[in-house]
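Data block below; observations after.
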Amino acid sequence: MENHIVKIIDVSPVVSHVFRIRTEKPAGYLFSPGQATEVSLQYAGWENEKRPFTFTCLPSDNYLEFTIKTYEAHQGVTKRIATVAPGDEFEIGDSWGTIQYKGPGVFIAGGAGVTPFLSILRHLNSEGNLGHNQLICSNKYEDEIICFDELKSMLGDRFMNTITQQKDPELPKGRINEAYLKTHIQNFDQPFYVCGPEKFVEDILNILKGLGAKPDGLVFEQ
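To get this note's numbering, take the position in the sequence shown, counting from 1, and add 9.
Take a look at the structure:
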């Protein structure tokens, strides 16, 4: 594996506790939409603390972009990420990951699990190939939905959201469970892309299998 030191060129807030971080792109660096890399902060004492983050830019962009949720309650990398600024540096490795586009289907995300889908959907949109892809997201609160306006503009009614904890949200409240999927999905013989917290992914995959989704049509990080 080849490692690269890349300088941060821009840091912008996206929604509450989520930042878009753009870095230099090493010459010849390649990735496929949906893939990730291991990232470490180049601060004293943090160089060996590697964490996986997904690329959210297009492969053709002349920079690399990560959309990262930070956690104040944590004491590790995802808390320190909130302090980075232009001029700081990341070390990144090669690209990897099993979340890659296999054809039109349904994307299902829990919280920040939407990030691997951003590059895929942006890439399809740039080529005019969004087709009838569908995105379903679950978040605790409405102000946590990452890139809501952009995704709504791209997908329209095929971008659906559920809110699990906020009192009286404007968006539908509830969880992505079997009843929800049966109501909103007509065809289970198509690819399903699933990403989010480990328990969320496990539960959704089990539900999809029970509803007739084919195991080789389930795309998730393994």
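Heads up, the beta-carbon is just placed ideally off N, CA and C, and yes, glycines get one too.
Close-in-space but distant-in-sequence residues of the same chain around V210 (CB under 6 Å, 5 per side omitted) = Locating residue 210 in the sequence shown gives position 201, where the first residue counts as 1. Same-chain partners within the cutoff: V203 and F229.
On the three-state DSSP scale, how would you describe E33?
-> One-based indexing of the sequence shown puts residue 33 at position 24. Strand.
Q174: buried (16+ other C-beta within 10 angstroms of its C-beta) or exposed?
-> On the sequence shown, residue 174 is found 165 positions in, with the first residue counted as 1. So Q174 counts as exposed.
Assess, as a yes-or-no matter, whether the stretch 215 to 228 is touched by the stretch 137 to 155 under the definition of 3 or more beta carbon pairs within less than 8 Å.
-> no
Could you check the C-alpha separation between I213 and F116 for me, to the nearest Å?
-> Residue mapping note: residue 213 aligns to position 204 of the sequence shown, counting from 1. Residue mapping note: residue 116 aligns to position 107 of the sequence shown, counting from 1. The straight-line gap from Cα to Cα measures roughly 11 Å.
Report yes or no: do the stretch 60 to 71 and the stretch 137 to 150 share at least 3 C-beta pairs separated by less than 8 Å?
-> no
Proximal residues to V233 (C-beta, below 6 Å), its chain only, five neighbours per side dropped = In the structure displayed, the chain extends from 10 to 231; residue 233 sits before or after that span and is not available.
Straight-line gap, S21 to Y80 (C-alpha atoms, nearest Å) | Here residue 21 refers to the residue found at position 12 when the sequence shown is read from its first residue. Here residue 80 refers to the residue found at position 71 when the sequence shown is read from its first residue. Each residue's alpha carbon lies about 16 Å from the other.
Are the Cβ atoms of P206 and G122 separated by less than 9 Å?
-> As a first step, residue 206 must be located in the sequence shown, where it is residue number 197. As a first step, residue 122 must be located in the sequence shown, where it is residue number 113. Result yes, Cβ atoms of P206 and G122 sit closer than 9 Å.
Y72 - DSSP class collapsed to helix/strand/coil = In the sequence shown, the residue the question calls residue 72 occupies position 63. DSSP places Y72 in strand when its eight states are reduced to three.
Which first and last residues belong to the alpha helix (DSSP H) in which F197 is found?
-> Walking along the sequence shown from the start, residue 197 turns up at place 188. From DSSP, F197 is part of no alpha helix (DSSP H); its letter is neither H nor E.
Look up Q143 in the DSSP assignment and give the residues it is bridged to.
-> Looking up residue 143 in the sequence shown gives position 134. Answer is V115.
With DSSP run on the structure shown, which of helix, strand or coil describes Y80?
-> Translated into positions along the sequence shown, residue 80 becomes position 71. Looking at Y80 - three-state DSSP - the assignment turns out to be coil, as it is neither helix nor strand.
Could you spell out where the beta strand (DSSP E) holding F99 opens and where it closes?
-> The residue labelled residue 99 in the question sits at position 90 within the sequence shown. E98 to I101 is the span of the beta strand (DSSP E), which, as asked, contains F99.
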